[in-house]
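Report on the structure given below.
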Amino acid sequence: MTTPVVFITGASGGIGRETALAFARAGYHVCGLARRQDQLEALGAEIANLPQAHGGFLAVAGDVRDAGAVQEAARRTVGKFGRLDVLVANAGIGHSGTVVEADWEDLRTVIETNIDGVLHGIRACVPAMRRAGGGHILIVSSIVATVHTPYTATYAASKAFVSSLAGSLRLELEDDKIQVTDLLVGRTHTDFNVNRLGPIKRDTSGLPTMGADQVAEAIVAAARGRPRRVVFRLFDRLVLLGGALVPGIMARLAKRQYQPQD
Ligand SMILES: NC(=O)c1ccc[n+]([C@@H]2O[C@H](COP(=O)([O-])OP(=O)(O)OC[C@H]3O[C@@H](n4cnc5c(N)ncnc54)[C@H](OP(=O)(O)O)[C@@H]3O)[C@@H](O)[C@H]2O)c1
1 MTTPVVFITG ASGGIGRETA LAFARAGYHV CGLARRQDQL EALGAEIANL
51 PQAHGGFLAV AGDVRDAGAV QEAARRTVGK FGRLDVLVAN AGIGHSGTVV
101 EADWEDLRTV IETNIDGVLH GIRACVPAMR RAGGGHILIV SSIVATVHTP
151 YTATYAASKA FVSSLAGSLR LELEDDKIQV TDLLVGRTHT DFNVNRLGPI
201 KRDTSGLPTM GADQVAEAIV AAARGRPRRV VFRLFDRLVL LGGALVPGIM
251 ARLAKRQYQP QD
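For reference, each letter of the sequence shown is one residue, going 1 to 262 in our numbering.
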């Protein structure tokens, strides 16, 4: 039996880290890419101590905004494990602030990380998937891709971009036997809000929150089932339904939730 290989961007923390652990427990070889080498090394040590993990781990320090660095990471993955079957394009960063007054460097970081970074991952991994005779791309988008959301517009639009990309890419790559899954993640307990750029602080304490391990297990299940889209829980399905049926009310609720807090 061939051991499958997964390449995960943003594996040093949060959802990416838990997803790396979940794939390792499921018997995959794992390559984790992120900027913080020390966190990746700690992850590698944890994977090495997992009784269920039979695959290897490759840590690659790099920035998804740098196309060459992502290409090199994919090359090193194939060099170490002989193939590359699954990409989890997860690295991302949030932003809270108005479109007009926001620091341009912050907006640029969001666009380059959440859009360019996903494109770089796809373009780096697909050639190896084609050589392997197929593969699977899982794109970490967000439920906010589906609702018009003020005060985090650039972040929400970056997620709408990758969700749209997932749908088109699925058609482009179907003849290569490469599946594409759009992961519409809802609020998850990670350092996302701490790392979020921009001046506006939000009080999100009233919102239901998932564990990153729960999201990770669902991502591994999606790698097996290869659905077109994953919505992780009932609350998020209701948000989607509300966005489709009563978009005006949902937009008002979103505006209240993302408004600056005193
Ligand atoms: N948490 C939520 O509520 C939530 C909801 C919906 C969607 N999401 C999405 O889930 C994904 C993961 O977020 P999270 O909640 O796990 O946040 P997190 O805890 O802040 O983790 C973000 C990860 O992305 C990596 N990263 C950020 N910029 C990078 C860059 N330029 N190059 C390489 N890696 C980079 C970080 O690693 P380094 O800093 O080491 O580079 C880290 O591993 C994101 O795409 C986010 O938009 C999260």
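The beta carbon of each residue, even a glycine, is placed where N, CA and C say it ideally should be.
7 Å CB neighbourhood of residue i in its chain, flanking five on each side removed
{"i": "Ala69", "result": "Gly62 and Asp63"}
{"i": "Arg25", "result": "Leu50, Gln52 and Ala53"}
{"i": "Ser158", "result": "Val110, Ile111, Asn114 and Ile115"}
{"i": "Ser142", "result": "Lys159, Leu184 and Val185"}
{"i": "Arg76", "result": "Leu58 and Val60"}
{"i": "Ala67", "result": "His120"}
{"i": "Phe232", "result": "Val185, Gly186, Met210, Val215 and Ala218"}
{"i": "Arg36", "result": "Ser12"}
{"i": "Val230", "result": "Thr181, Leu183, Leu184, Ala218 and Ala222"}
CB of residue i within 9 Å of CB of residue j, strictly
{"i": "Gly92", "j": "Ile200", "result": "no"}
{"i": "Glu124", "j": "Ala73", "result": "Before going on, a small fix: residue 124 reads as Ala here, not Glu. Yes, they are a contact pair."}
{"i": "Ile137", "j": "Thr181", "result": "yes"}
{"i": "Thr9", "j": "Val126", "result": "no"}
{"i": "Met129", "j": "Leu84", "result": "yes"}
{"i": "Val185", "j": "Val239", "result": "no"}
{"i": "Leu273", "j": "Ala221", "result": "Here the chain has residues from 1 to 262 only, and residue 273 is not among them."}
{"i": "Gly179", "j": "Gly135", "result": "The question names Gly, but residue 179 in the sequence shown is Gln. Going by C-beta atoms, Gln179 is nearer than 9 Å to Gly135."}
{"i": "Val5", "j": "Gly55", "result": "yes"}
{"i": "Asp103", "j": "Leu197", "result": "yes"}
Residues of its chain near residue i, where Cβ-Cβ distance is below 8 Å and the 5 sequence neighbours each way are ignored
{"i": "Tyr258", "result": "Ser96, Thr149, Pro150, Tyr151, Thr152, Ile200 and Arg202"}
{"i": "Leu43", "result": "Ala11, Ser12, Arg17, Ala20, Leu21, Gly32, Phe57 and Ala59"}
{"i": "Ala48", "result": "Phe57"}
{"i": "Glu41", "result": "Ala59"}
Beta-carbon contacts of residue i that lie in its chain and below 6 Å, excluding the five residues immediately before and after
{"i": "Ala216", "result": "Glu18, Thr19 and Ala22"}
{"i": "Leu107", "result": "Thr154"}
{"i": "Val162", "result": "Val118, Ile139 and Ser141"}
Alpha-carbon to alpha-carbon, residue j and residue i
{"i": "Gly117", "j": "Thr146", "result": "21 Å"}
{"i": "Asn195", "j": "Gly13", "result": "11 Å"}
{"i": "Val99", "j": "Arg256", "result": "17 Å"}
{"i": "Phe192", "j": "Leu119", "result": "21 Å"}
{"i": "Gly243", "j": "Leu234", "result": "14 Å"}
{"i": "His29", "j": "Leu253", "result": "43 Å"}
{"i": "Thr209", "j": "Thr190", "result": "10 Å"}
{"i": "Thr3", "j": "Phe81", "result": "9 Å"}
{"i": "Asp262", "j": "Gly206", "result": "Per-residue confidence for Asp262 stands at a pLDDT of 49, beneath the threshold of 50, marking its modelled position as unreliable; no derived number is given."}
{"i": "Ser164", "j": "Arg170", "result": "10 Å"}
{"i": "Ala212", "j": "Ile15", "result": "5 Å"}
{"i": "Asp264", "j": "Arg131", "result": "Nothing can be reported for residue 264: it is not among the residues displayed for the chain, which extend from 1 to 262."}
{"i": "Gln71", "j": "Gly248", "result": "43 Å"}
{"i": "Thr263", "j": "Arg65", "result": "In this structure the chain extends from 1 to 262, so residue 263 is not present and cannot be described."}
{"i": "Met1", "j": "Arg224", "result": "16 Å"}
{"i": "Glu174", "j": "Gly27", "result": "26 Å"}
{"i": "Ala251", "j": "Val144", "result": "11 Å"}
{"i": "Glu46", "j": "Arg226", "result": "27 Å"}
Residues bridged to residue i [DSSP beta-bridge criterion]
{"i": "Ser96", "result": "Ser96 pairs with nothing; no bridge assigned."}
{"i": "Met250", "result": "Bridge partners of Met250: none, in fact."}
{"i": "His148", "result": "Bridge partners of His148: none, in fact."}
{"i": "Gly14", "result": "In DSSP, Gly14 forms no bridge with anything."}
{"i": "Thr181", "result": "Leu138"}
{"i": "Phe7", "result": "Cys31 and Leu87"}
{"i": "Arg126", "result": "The question names Arg, but residue 126 in the sequence shown is Val. BP columns for Val126 are empty, so no partner."}
{"i": "Val230", "result": "Leu183"}
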